[in-house]
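Colleague: Quick one: this structure, given as structure tokens, is what I'll be asking you about.
Residue numbers (full-length UniProt numbering): 1 to 259.
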């Protein structure tokens, strides 16, 4: 019978009961007590002996076997037993580490590591994303495609230019719509299955004397749609039709001025 568990032992309230090899042993003293010269367990005054973590002795109250705090030091807070415990700034998001640094909690403070997981420090002291796909440090299987993301990577079961939808099917990525293409502003992007293409030139631009995508002068080339009574004026990538040509006036439509 374990008398310690059944509380049928004869240890004092300040001694610790231990059931060893079928018999009860009373250890010297419980935590928070010490054995005096008369072999009695006496309370340790944590406040007096500076064994507390309250803001000062003034705010520490000794009680049998332990102590209570009324106030805590900076970056500590009172728990339900009135002891000061460390505030975890990392969990509570009260730190000042940037998004590429890792916050590590310490007793009474925290520290920002050089770079969080998935980043390393470059020559100019900035945290740069590690491309696990290029460095072959990912764990994607041979049937999956590794895609690098900031600070990590994903294993995509779809081919390049496709992504997995909620139904588990590989669908085409519209690079033009999602602005994931590299077409210049003077070229049109056309989405293709699994890819995209950049047009030679946007409307209003053309190859001129071997130089790609220069503004087309529709007025000079007579490729505009202005009426004969209106004047064509060229603009960058477009043109406009004025109200009336010189020598005409507007009266619902352009009419000839009888000079």
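Backbone N, C-alpha and C fix where the C-beta goes; we use that ideal spot for every residue, glycine too.
(1) Run the CB neighbour count on residue 44, radius 10 Å, all protein chains shown included, and call it buried at 16 or more, exposed below.
(2) Tell whether a beta-carbon distance below 8 Å holds between residue 75 and residue 109.
(3) Check whether the Cβ atoms of residue 262 and residue 128 sit closer than 8 Å, and answer yes or no.
(4) Classify residue 100 as buried or exposed, calling it buried when 16 or more other Cβ atoms lie within 10 Å of its own Cβ.
(5) Just mark residue 169 as buried or exposed, buried being the case when its beta carbon has 16 or more other beta carbons within 10 Å.
(6) List the whole-angstrom C-beta distance separating residue 42 from residue 36, where the pair is believed to meet the contact cut-off of C-beta under 8 Å.
(7) Do residue 244 and residue 229 have their C-beta atoms closer together than 8 Å?
(8) List the residues that DSSP assigns as beta-bridge partners of residue 63.
(9) Figure out for me which residue from 65, 149, 156 and 78 has the closest Cα to the Cα of residue 141.
(10) Report the three-state DSSP secondary structure of residue 133 (helix, strand or coil).
(11) Do you know offhand how far residue 3's Cα is from residue 15's?
(12) When you compare the CB positions of residue 95 and residue 102, do they come within less than 8 Å of one another, or not?
(13) Using the C-alpha atoms, what's the distance from residue 93 back to residue 106?
Modeller: So, from the listed chains and residues:
(1) The residue in question, residue 44, is buried, as its Cβ has 16 or more Cβ neighbours within 10 Å.
(2) Cβ atoms of residue 75 and residue 109: closer than 8 Å.
(3) As displayed, the chain neither begins before 1 nor continues past 259, which places residue 262 out of reach and without an answer.
(4) Label assigned to residue 100: buried.
(5) With a threshold of 16 other beta carbon atoms within 10 Å, residue 169 falls short and is exposed.
(6) Approximately 5 Å separates the beta-carbon atoms of residue 42 and residue 36; this is inside 8 Å, confirming the contact.
(7) Yes, they are a contact pair.
(8) Residue pairing of residue 63 in beta bridges, as defined by DSSP: 66.
(9) The residue with the shortest Cα to Cα distance from residue 141 is 156.
(10) The answer is helix: DSSP assigns residue 133 an H, G or I state.
(11) Their Cα atoms are separated by approximately 14 Å.
(12) Their beta carbons are not under 8 Å apart, which means residue 95 does not touch residue 102 by this criterion.
(13) The straight-line gap separating the alpha-carbon atoms of residue 106 and residue 93 is approximately 14 Å.
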